[in-house]
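Residue numbers (the working numbering): 28 to 220.
Structure first, commentary second.
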Amino acid sequence: MTSQPAQLTWLNPPPHHAFGDSTVHVRTGKETDFWRETFYDFWRDNGHFLYRQVEGDFSAEVTVKGDYKVLYDQAGLMVRLSETHWVKAGIEFTDGLAYFSVVVTNDASDWSLVSIPAGPDGVRIRLTRHAETIRVQYLDASDHHWKPVRLAYFPPSKSIDIGMMCCSPQREGFEVTFSDFSVGPAISRDLHD
28 MTSQPAQLTW
38 LNPPPHHAFG
48 DSTVHVRTGK
58 ETDFWRETFY
68 DFWRDNGHFL
78 YRQVEGDFSA
88 EVTVKGDYKV
98 LYDQAGLMVR
108 LSETHWVKAG
118 IEFTDGLAYF
128 SVVVTNDASD
138 WSLVSIPAGP
148 DGVRIRLTRH
158 AETIRVQYLD
168 ASDHHWKPVR
178 LAYFPPSKSI
188 DIGMMCCSPQ
198 REGFEVTFSD
208 FSVGPAISRD
218 LHD
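Below is the structure:
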C-alpha cells in the first residue's frame, strides 16, 4: 500500500480506501450519489470524488472495475466546476446489467445509458475537455478502439476538477478499483478515425 498522491484531494472521502502503485481501491459509504433534481426531485452531492485541479484543455483516463450488484452502483470519471456544473461518466448498474452511463449537470442533471461489451479487466474511460465541450469515450475491449459516447456543453472556466468518482445510492459497501489514472494534453479534436 502506498500513500495518497499529493496532487489528489477527496471530496466526500469514503469510509475505506487504499492506494497501490497505480491503483485506488474504494469501499463506498451509505447512499452516496451525485444528482440534481431531474425526475427524482432531489439533489445529492455526497458521492466520493478523488480529484486534481487542471487548467485548459486536457484528456483524462482511468480503468474501473467494480463489484456491481445493487441498483445504481457506479464508478468512473468526473469533471466538476461546482455542485451545479459537472459531468460523470462510467459504469452504472441498472436493470440487472452494467451500462456505460453519462450524467451531465448544468443546474439540473440528465442521464444517458448505452450497453457496451465489458471485459473481465474492467472498462477504460476517457474524458476530454475541448474549450466548452466535454467529450466522453470508452475503450472497446473487443476491438481496442475508442468509442464515442457523448459530446456535452460545459461552461468555460480557467480551471476545473477532474478525477475518479464512485457512488452507491441504494447501499453502502460497493467495492471498486481504479487503475492507471492519468491526465495529460487533450487528444485531437478529430471525432472520427
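We put the CB at the ideal spot given by N, CA and C, even for glycine.
Query	Result
Mind checking whether Thr-90 and Phe-201 have CB atoms under 7 Å apart?	no
Closest by CA to Asp-167, which one among Asp-60, Trp-70, Phe-208, Val-150?	Val-150
Indicate the three-state DSSP secondary structure (helix, strand or coil) for Gln-80 in the structure shown.	strand
Name, in chain order, the residues that DSSP records as bridge partners for Gln-164.	Arg-153, Pro-175
Looking only at its chain, what residues have a beta carbon closer than 7 Å to the beta carbon of Pro-175, apart from the 5 residues adjacent to it on each side?	Gln-164, Leu-218
Quick check for students: name the residue ranges of the beta strand (DSSP E) that lie wholly in the stretch 115-139, counting only runs of 3 or more.	124-133
Report the partner residues of Gly-103 according to the DSSP bridge assignment.	Gly-117, Met-192
Would you check if the distance between the CB atom of Leu-35 and the CB atom of Arg-107 is smaller than 7 Å?	no
Going by DSSP, what residues sit across from Ala-87 in a beta bridge?	Leu-154, Val-210
Spatial neighbours of Arg-162 within its chain, please: C-beta separation below 6 Å, excluding the five flanking residues on both sides.	Thr-155, Leu-178
Does DSSP classify Arg-63 as helix, strand or coil?	strand
Going by the beta-carbon positions, is the gap between Ala-45 and Val-203 smaller than 7 Å?	no
If you run the structure through DSSP and keep just helix, strand and coil, what is Asp-217?	coil
Report yes if the C-beta distance between Leu-98 and Gln-197 is below 7 Å; otherwise report no.	yes
Determine the extent of the beta strand (DSSP E) in which Asp-72 is found, giving its start and end residues.	70-72
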